[in-house]
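>
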Amino acid sequence: MWIGVSGWTYDSWKGAFYPPGLAARRRLEYASRRFNSLEINASFYGLLTPQTYRRWYRETPRGFRFALKGSRFITHNKKLESVEAPLANYFASGLLLLREKLGPIVWQLGPRLQFEPERLERFFRLLPQDTRAAARLARAHDHRLDGRSWTRIDRPRPLRHALEARNESYRVPELATLARRYGVALVVSDSGDWPRIEEISSDFVYVRLHGRPWTYASRYGPAALRKWADRIRQWHAGRQPADARRISEHRPRHTRRDVYVYFDNDQRAHAPRDALGLMRHVADRPGRARRRSR
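For the record, in the sequence shown the residue sitting at position 199 is 279 according to this note's numbering, with numbers rising by one throughout.
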């Protein structure tokens, strides 16, 4: 199990999570010793550089795992249409330098983007399924990445993709069929604003806890964390909670799965506190999440 927070650069976490006096440049180093995974927010807002990814790889311990947010230019500006060049630029921006620490890439759709199966399938077909294919795609980057690209790998590794749908129109069986066909995980997204779908469509589960009832602002109390810990243990063991909010009748195989969980309720440092609390609840039973010492 991989449990962490979405982003780590919040000034409001000083004193509440980060020790007083900790330099901003050491926040990743500190957070990566409290959690075994972190979700990168910055890759959503713009193309990063190979130097940035190389530094993040060096600052985090062995066995650590990053999840990346896909580019909002692809999901929000282009709305998944005609994205061959933007995808090439994204994969050429340096993320392959994360090597074995590269976890899933989550593609967060805008809340107004309606479900159109043809558009979504075209996008799924473009997604590279391993780092060799990602490097090949990256070499097709345009002039904007000239002199600042990285298109090599140390060795081939599988690539995982997850989709976070934020429009009610995605709550249909056809979405589950499409995602399952391409091995894309459907994000279990808990918030006060978007639909929650708990459909197993891949060999891993991706959970984003944004806060409820107030998105980004609500904290998860002990009772809520215990409930989420139970769901996570079930997904990890290959089962499905009896009350899962499913969109199809498909019964996935009973097999152990990786589970990635990220808290995005960043206000008032709720996210790191809740992530640490969830780790404690998960560790109360077998299947514990790995927790690193400071």
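Note that CB positions come from ideal geometry on N, CA and C, so glycine has one too. Treat the numbers as computed from the prediction; the structure is a model and nothing was measured.
#1: Cα-Cα, which of 248, 226, 92 and 302 is closest to residue 169?
#2: Spell out a yes or no on whether the region 329-337 and the region 313-320 are touching, meaning 3 or more CB-CB pairs, one atom from each, closer than 8 Å.
#3: Whose C-alpha, out of 180, 267, 231 and 165, is nearest the C-alpha of residue 239?
#4: With three or more C-beta pairs closer than 8 Å as the rule, is the region 207-215 touching the region 235-255?
#5: In terms of alpha-carbon separation, which member of 216, 331 and 354 lies closest to residue 301?
#6: Going by DSSP, what residue range makes up the beta strand (DSSP E) through residue 147?
#7: Please determine, among 274, 165 and 215, the residue with the shortest C-alpha to C-alpha distance to residue 222.
#8: Of the residues 325, 327, 287 and 82, which one's Cα is nearest the Cα of residue 182?
#9: Threshold first: 3 residues or longer. Then list the beta strand (DSSP E) segments lying entirely within the region 241-290, N to C.
#10: Between the region 146-154 and the region 98-111, do three or more beta carbon pairs fall short of 8 Å?
#11: If we ignore side chains and look at the alpha-carbon of each, how far apart do residue 217 and residue 229 end up?
#12: Among 187, 299 and 186, which has the Cα closest to the Cα of residue 343?
#13: Should residue 364 go down as buried or exposed, given a rule of 16 or more other Cβ atoms within 10 Å for buried?
#14: If you draw a straight line from the alpha carbon of residue 324 to that of residue 136, how long is it in whole angstroms?
According to the structure shown:
#1: Position 89 of the sequence shown holds residue 169. Nearest option by C-alpha distance: 226.
#2: Counting Cβ pairs under 8 Å, three or more are found: they touch.
#3: As a working mapping, residue 239 is identified with position 159 in the sequence shown. That would be 180, whose Cα lies nearest to the Cα of residue 239.
#4: yes
#5: By one-based count along the sequence shown, residue 301 stands at place 221. Considering only alpha carbons, the answer is 354.
#6: To locate residue 147, count along the sequence shown from 1; it is residue 67. It spans 145-149 - the beta strand (DSSP E) in which residue 147 sits, taken as one unbroken run.
#7: Working through the sequence shown from its first residue, we reach residue 222 at position 142. Among 274, 165 and 215, the Cα nearest to that of residue 222 is on 165.
#8: Here residue 182 is taken as the residue at index 102 of the sequence shown, counted from 1. Checking every option, the nearest Cα to that of residue 182 belongs to 82.
#9: 241-244 and 268-271
#10: Flag = no, the region 146-154 and the region 98-111 do not touch.
#11: Translated into positions along the sequence shown, residue 217 becomes position 137. Translated into positions along the sequence shown, residue 229 becomes position 149. Approximately 12 Å, taken between the alpha carbons.
#12: On the sequence shown, residue 343 is found 263 positions in, with the first residue counted as 1. Residue 343 has its Cα closest to that of 299, out of 187, 299 and 186.
#13: Against the sequence shown, residue 364 aligns to sequence position 284. Its Cβ having fewer than 16 others within 10 Å, residue 364 is exposed.
#14: Along the sequence shown, read from residue 1 onward, the residue named residue 324 stands at position 244. Along the sequence shown, read from residue 1 onward, the residue named residue 136 stands at position 56. Distance between the alpha carbons of residue 324 and residue 136 is about 36 Å.
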